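Chemist:
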Amino acid sequence: MFRRQIDRSRHLCRSFFFILGNYPEYPRTSVERTNAMRPGAVFPVLLLLTACGGSGSSSTPTPSQPNQAPSFTSPTAVSVTENRRDAYRAVANDPEKGSLTYSISGGADAARFSLSSAGLLSFLISPSFETPEDADGDNVYVVQLSVSDGQLSDTITVQITVTDTREGIQVRRVGAGFDQPLYVAPIPGDTRVFVLEKGGNIMILDPSTGSKGLFAAVSDISTDGERGLLGLAASPTFQTDDTLFVFVTNTEGDLQIRTYHRGLDGRGYQSTIAPVVLQIEHSEFSNNNGGWLGFGPDGDLYIATGDGGGDGDPRNNAQDPFSLLGKILRLTRNPDPYAGAAPVFWIPSPDNPFANGGGAPEVFAYGLRNPFRASFHNGELLIGDVGQDMVEEVDLLRPKDAGANFGWPFREGTRAFRGNPPTGLVDPVTQYLHGAGPKEGGSITGGYVYRGPVDSLVGHYVFGDFVSGNIWTVTTGLLRPGEVLASNRYELRNSDFTPDRGSIDRLVSFGEDAVENLYIVDFDVEIFIVGKS
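Under full-length UniProt numbering, the letters of the sequence shown match residues 1 to 533, in that order.
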């Protein structure tokens, strides 16, 4: 009977049975069956285990595995060269091979990036090594990325280091062995340049060969302190009149603008015809002479003079409209030079602000401390004015700004220095502080708006600092009247301007040749040219 029940169950279920007990099999004879029914008899126990299914057959299901989070496999730090927008490709692995979503989730510099759906991280604006925009200003940008499979996620913090490129710039040493060189000036119609030595020699340098020679020796000058042969400009009609204008301090320390003409024998330059165009008393102190002169697009002669020296302009020359110190002066050709007892070839411009009274007629602008170097760009004068204790500045003087007051000594840059300033002072277009940082220094060297063959520099104002040796550029569009450009916008160019030979560590002047190549004058002994790599 037991077997029949089991057989019937086979139609519905899959059965398993086990016999538990001391006997190997069921009773087979009548005696065995009778004995098995006696009290105390031991009978094997049958255990029936049945697994049933509707179809009569089934399998045990495999439990599902829990979801695992994706994980990043891309590196945590990369380096990229400047001026490139592509920065990093995020890569992550998902154990389930599902679709992944990338996002920017944090980091000090997160706002400077975008991230594509494929994980490509890009700068919103191409980075410049010279003007780092990261939070720490060290060209290491930090951003946190996340990846998600829709349920779980992973994060990674990435450091992207921007490295420098030379941007097509090559600086070559083209002259050496000079004695305290101060300035380079073009020779009109010539590939060579004039090099001024502080002691009075006007040298000629051929940059293609490095050869140099004495052109003229300027005598009767003083050279103590900041005195000497400070500036030179060739006449706009040099190729017909052979006239040079020089800025010197004479033996008494006074400032003089002299003209030199080629002698009748053609063997050199002599100061024989109206030699002194202008003389300004400056005997008390040997510093703050200024020293730049040049011709504007209008053909007038512009002269930059210092405040007369001493700390803080003790004679208040820069604010005195009747003093010629601490000024930009403007002279024009005399239409009738022989009208008087002695010939006078240059006179104050009749358009100067004090031409009809109220100040010296030569004055065009005032309130400057020591405008040692300057240059014209599109008819506007960019002036590097050396500061006292705190600030170095660049001032912009436009033709329509006659009578501009740049504020010294009421202010040094935009910082109060002494006294109660009047209204209407003109702010510098940029300034930087004294210090040893990459955007600091101690004595500005005014420069030029670049016009040479290096495309990446065209339209940039190139300037530097004598004390720190730093060289910077800013695009001219950032130098706007009424706005003071912060020094953190400067592009530090020390690496880009590393020369092939020698070193630039006492940057005393920039200069140009007749075809507007840019030169760098190092006060030690060397002259460099900025060219294309």
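Beta carbons are placed, not taken as given, at the ideal position from N, Cα and C, and that holds for glycine. For clarity, every value in this text was computed on a predicted model and none was experimentally measured.
#1: Can the beta-carbon of Ile383 be found less than 8 Å from the beta-carbon of Leu325?
#2: Do you know how far the Cα of Leu100 is from the Cα of Leu49?
#3: Measure from the alpha carbon of Asp307 to the alpha carbon of each residue in Tyr448, Val162, Trp408, Pro438, then state which is nearest.
#4: With DSSP as the reference, label Asp455 as helix, strand or coil.
#5: I'd like to check one pair, Pro70 with Asp149: are the Cβ atoms closer than 8 Å?
#6: Residue range of the beta strand (DSSP E) that Phe295 falls in?
#7: If you draw a straight line from the alpha carbon of Phe372 to that of Ala111, how long is it in whole angstroms?
#8: Looking at C-beta atoms only, is the number of pairs between the stretch 516-532 and the stretch 184-201 that lie closer than 8 Å three or more?
#9: For Asp395, does the three-state DSSP call read helix, strand or coil?
#10: Note down, in chain order, each residue of its chain lying with its Cβ closer than 7 Å to the Cβ of Leu124, except the 5 sequence neighbours on either side.
#11: Since Leu232 and Ile202 should fall inside the 8 Å C-beta cutoff, what is the C-beta to C-beta distance between them, to a whole number of angstroms?
#12: Let me confirm a value: Leu479 is counted as buried when at least 16 other C-beta atoms fall within 10 Å, else exposed. Which label applies?
#13: If contact is defined by three or more beta carbon pairs under 8 Å, each pair taking one atom from either stretch, is the stretch 170-178 in contact with the stretch 202-213?
#14: Sort Thr332, Ser126, Phe238, Val218 by Cα distance to Val344 and report the nearest one.
#15: Who are the near neighbours of Asp455 in its chain, counting only those whose CB is closer than 7 Å to its CB and skipping five residues on each side?
#16: Do you know offhand how far Pro188's Cα is from Phe238's?
#17: So within the stretch 374-432, which uninterrupted beta strand (DSSP E) runs reach at least 3 residues, ignoring any that extend past its ends?
#18: Measuring CA to CA, which of Val462, Asn289, Val277 is closest to Ala342?
#19: Just how far apart, CA to CA, sit Arg493 and Gln151?
#20: How would you write the range of the beta strand (DSSP E) that Thr243 sits in, first residue to last?
#21: For Asn250, which option in Lys400, Asp241, Thr259, Ser222 has the closest C-alpha, if you only look at C-alpha atoms?
#22: Please work out which residues of its chain come closer than 7 Å, Cβ to Cβ, to Tyr88, disregarding the five sequence neighbours upstream and downstream, and give them in chain order.
#23: Would you decide whether Lys400 is buried or exposed? Buried here means 16 or more other CB atoms lie within 10 Å of its CB.
#24: Helix or strand or just coil, what does DSSP make of Arg38?
#25: CA-CA distance, Gly56 and Glu96?
#26: Quick one: residues in its chain with C-beta nearer than 8 Å to the C-beta of Gly200, no 5 flanking neighbours on either side, listed in chain order?
#27: So, at 7 Å on beta carbons, what are the nonlocal neighbours of Arg166 in its own chain, with the 5 sequence-adjacent residues on each side left out?
#28: What is the C-beta distance between Gly441 and Glu392, in whole angstroms, given that I count them as a contact (C-beta under 8 Å)?
#29: How many Å lie between Leu368 and Glu491 at the Cα?
#30: Below 8 Å on the Cβ atoms is my guess for Phe72 versus Val142; work out the distance and round it to an integer in Å.
#31: Using 8 Å as the limit for Cβ to Cβ distance, is Arg173 near chain B?
#32: Quick check: what's the CA-CA separation for Ser323 versus Val426?
#33: Look up Thr475 in the DSSP assignment and say whether it is helix, strand or coil.
#34: Which of helix, strand or coil does DSSP assign to Met117?
#35: Candidates Tyr260, Ser509, Pro275, Gly482: which alpha carbon is nearest Arg398's?
#36: Within 10 angstroms of its Cβ, does Arg418 collect 16 or more other Cβ (buried), or is it exposed?
Modeler: Let me lay it out:
#1: Contact flag unset, no.
#2: Its pLDDT being 40, under 50, Leu49 is placed unreliably in this model, and the value from its coordinates should be taken loosely. About 48 Å.
#3: Nearest C-alpha to Asp307: Trp408.
#4: helix
#5: yes
#6: 290-295
#7: 42 Å
#8: At 8 Å Cβ cutoff, the stretches touch.
#9: strand
#10: For Leu124, where only same-chain residues beyond five positions count, the Cβ hits under 7 Å are Arg112, Phe113, Ser114.
#11: Contact between Leu232 and Ile202 holds, with the beta-carbon distance rounding to 7 Å and staying under 8 Å.
#12: buried
#13: yes
#14: Out of Thr332, Ser126, Phe238, Val218, Thr332 has the C-alpha closest to the C-alpha of Val344.
#15: Gly168
#16: 7 Å
#17: The qualifying runs are 380-385, 391-397.
#18: Val277
#19: Cα to Cα, Arg493 sits roughly 49 Å from Gln151.
#20: From DSSP, the beta strand (DSSP E) with Thr243 extends over 243-249.
#21: Ser222
#22: Val78, Leu121, Val158, Ile160
#23: Classification for Lys400: exposed.
#24: Summary for Arg38: the model assigns pLDDT 47, below 50, so the residue's position carries little reliability; its value from the coordinates is reported in the next sentence. Of the three classes helix, strand and coil, the one that applies to Arg38 here is coil, per DSSP.
#25: Low per-residue confidence applies at Gly56: pLDDT is 49, beneath 50, and the placement is therefore not dependable, though the value from the model is reported in the following sentence. Approximately 35 Å between the Cα atoms of the pair.
#26: Ala217, Val218, Ser219, Ile221, Thr223, Gly228, Leu229, Val248
#27: Asp496, Ser533
#28: 6 Å
#29: Their backbone Cα atoms lie some 26 Å apart in a straight line.
#30: 15 Å between Cβ atoms; not a contact.
#31: The chain inventory of the structure shown lacks chain B, comprising one protein chain alone.
#32: 19 Å
#33: strand
#34: As written in the sequence, residue 117 is Ser, which differs from the Met given in the question. In the structure shown, Ser117 sits in coil (DSSP, three-state: anything other than H, G, I, E or B).
#35: Gly482
#36: exposed
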